[in-house]
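Colleague: The structure under discussion is supplied below as structure tokens; questions concerning it will follow.
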Amino acid sequence: MSTSLSPSKSDHQNVDEIHFSTRLRNIILCAVGWCCTISALFIQVTATTVVAKNLKSQELSTVPLGLVPGTAFLSTILLSKLMDRFSKKLVFVTCACLGLAGGCIVLLGNETDSYELICLGSVPQGVAYAAANNFRFLAADFSTKEFLPKAMAISVLGGVLAPLIGPEFARSARDWFPEKDFRGSYLVLVGVFAVELLAVLLLQFDVLKRLEATEENTLQISKMEKAKDSTSSIPIDGSDVNLLKLEQVKAAEGEPGTPSKTAKPKRTLAQVMKATPQVTLWTATSMALSYGGMAGLMAATPLAMNADGHDFDASTLAIELHMLGMFVPSLFTGHIVNYLKPHNTAAIGWMVQILGNLVFMSSRSAAVYTTSIALVGFGWNFVYVSASAVIAKSTQPEDRNLVRASSDMLALLSLATVMISSGFLFDGAGWDHFLIVYLVAHFIGILTVAKWCYDSH
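Everything in the sequence shown is counted per my numbering, starting at -5 for the first residue and increasing by one.
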């Protein structure tokens, strides 16, 4: 038996054999999956809010939309535990199937004019959305360390096509079947989930397992090297040293009957959060507030434009440009994160989001609505990509799924809260007061990124 404590040649060869083109192919598939997810969500934004308003009332018009992130919030931790217990492939395929089923239920709800079925169909879509939030982390896991911010930016960049697939198709497909409004839009929704399922099935999860196993093995060997160095100053005889080395090697090789010196039992969420660096916690909080601020304004913008007499085409155009603002910056956000560092990039993003909020207050013309919501999306992209790059590799491999799920859960809680409440707040307080509430929330967000910058320095 070899007693070398350095990574084996086979470990390096396994990783080296995974060509960059293979990594990039899987990163692009993650981008396709994310594109389908965002397309589905924005079909809900443009179509379901109108359908729900016609079936019920303006106050209840955003409830089906809010159920998507609400269910995702409740599912996130459970899905992370299922990934640890079973496999990522099983979880992603199952969730994509649930999204497809949810799209069919919403289609049925529209056919039968059932508000309740539309709400019910949003629930499995929420589970699919919870899983899809991990596409950017999957892209990071497929990536090399040096390419990581760009890999995450590419996965988020997949949302660039979403304006064409989501709001634009929802608008053009609305009239495919004159006898039933929005039937075509919901058929597009079902098709989008079918493409997402195909993208998930094409992902090479076997390659991901090799990458994760090699990283875990390298980390364990590094810890053993440190343990070896720490024993070098202890006055014990040579046989004890040899025994220690032998036990360490057996543990690393997983030899039967040998208790592992490096294996750790799974920790609880409270234990993981206590061990997580403070900068990561502030990063997750900043991302959650940015998500909430962006989503609340996005959900209320079509309502406000409709109240001011702007038609469905005008509000759809505003949402399309908002989506382009959310995802087109990903063409260069990865480079900016590498150059300016994540906390500085996020600070710029927050300032742009506040600028968008302020522009909203200047006028109620269609041009102002469109420009403002596009700026809000642009700022969100900087915060989202920066925060995701920090969270992706901020903890030990055995804790990553839980930390990632917890950060997404916080963002989804913010997203669900604002989407469900935006219809009530807009109807009760009016657009001007609505904007003031969100401006205050944005300034609170600036404080979180200030703390993030302080801890980073």
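For each residue, glycine too, the CB sits at the ideal point set by N, CA and C.
What does the alpha-carbon distance come out to for the pair T138 and H316?
Modeller: Taking the straight line joining both Cα atoms gives about 31 Å.
Colleague: Could you tell me the alpha carbon to alpha carbon distance between D169 and E110, rounded to whole angstroms?
Modeller: Roughly 24 Å separates the two Cα atoms.
Colleague: Under the assumption that M403 contacts F67 (Cβ atoms under 8 Å), give the Cβ distance between them as a whole number of angstroms.
Modeller: At roughly 6 Å, the Cβ-Cβ gap stays under 8 Å, so M403 and F67 are in contact.
Colleague: CB-CB under 7 Å to V453, same chain, minus the five flanking residues each way: which ones, in chain order?
Modeller: For the chain, the structure presents residues -5 to 451; residue 453 sits outside this window and is missing.
Colleague: Around the C-beta of K82, are 16 or more other C-beta atoms found within 10 angstroms, so that it is buried, or is it exposed?
Modeller: Buried, by the Cβ-count rule.
Colleague: What number of angstroms, rounded off, separates the C-alpha of L142 from the C-alpha of A383?
Modeller: Near 7 Å, if we compare the C-alpha coordinates of A383 and L142.
Colleague: Looking only at C-alpha atoms, which of Q119, S400, S415 sits nearest to F36?
Modeller: Measuring from the Cα of F36, the nearest candidate turns out to be Q119.
Colleague: Within 10 angstroms of its Cβ, does L237 collect 16 or more other Cβ (buried), or is it exposed?
Modeller: For L237, the pLDDT reaches just 46, beneath the cut-off of 50, and the residue's location in the model is therefore unreliable, leaving the point undetermined.
Colleague: Quick check on D135: buried or exposed, where buried means 16 or more other Cβ atoms within 10 Å of its Cβ?
Modeller: With 16 or more Cβ atoms within 10 Å of its Cβ, D135 is classed as buried.
Colleague: What residues in its chain sit with their C-beta under 7 Å from that of C91, if we drop five residues either side in the sequence?
Modeller: So the qualifying residues of the chain are L191.
Colleague: Around the Cβ of V431, are there at least 16 other Cβ atoms within 10 angstroms (buried) or fewer (exposed)?
Modeller: So V431 ends up on the exposed side.
Colleague: Considering only their Cβ atoms, is the gap separating G373 from M345 smaller than 9 Å?
Modeller: For M345 and G373, yes; Cβs fall inside 9 Å.
Colleague: Nearest CA to the CA of M377: which residue from M146, T31, S400?
Modeller: The displayed chain sequence assigns Val, not Met, to residue 377. V377 has its Cα closest to that of M146, out of M146, T31, S400.
Colleague: Determine, using beta carbons only, whether S15 and T65 come nearer to each other than 9 Å.
Modeller: Taking 9 Å as the Cβ cut-off, S15 and T65 do not qualify as a contacting pair.
Colleague: Kindly list the residues whose CB is nearer than 6 Å to the CB of S380, restricted to its own chain and excluding five residues on each side of it in sequence; keep chain order.
Modeller: V331, P336, T339, A340, listed in sequence order.
Colleague: Which of the three DSSP states is assigned to P323 in this structure?
Modeller: Of the three classes helix, strand and coil, the one that applies to P323 here is coil, per DSSP.
Colleague: With the cut-off set at 9 Å, would you say Y464 and T31 are in Cβ contact?
Modeller: Residue 464 lies beyond the stretch modelled for the chain, which goes from -5 to 451, so this question has no answer here.
Colleague: Is it the case that the Cβ atoms of V62 and A293 are separated by a distance below 9 Å?
Modeller: For V62 and A293, no; Cβs fall outside 9 Å.
Colleague: Would DSSP call G424 helix, strand or coil?
Modeller: G424 falls in the coil class under three-state DSSP.
Colleague: Just the C-alpha distance for G303 and F420, rounded to the nearest angstrom, thanks.
Modeller: Distance between the alpha carbons of G303 and F420 is about 16 Å.
Colleague: If I measure Cβ to Cβ from S227 and keep anything under 8 Å in the same chain, skipping five residues before and after, which residues do I get?
Modeller: For S227, the pLDDT reaches just 48, beneath the cut-off of 50, and the residue's location in the model is therefore unreliable, leaving the point undetermined.
Colleague: For the 8 Å Cβ check, are there 3 or more pairs between the segment 436 to 448 and the segment 273 to 290?
Modeller: Enough Cβ pairs lie closer than 8 Å, so yes.
Colleague: If you compare alpha carbons, which of A301, A435, R17 is closest to K203?
Modeller: When each option's Cα is compared against that of K203, the closest is R17.
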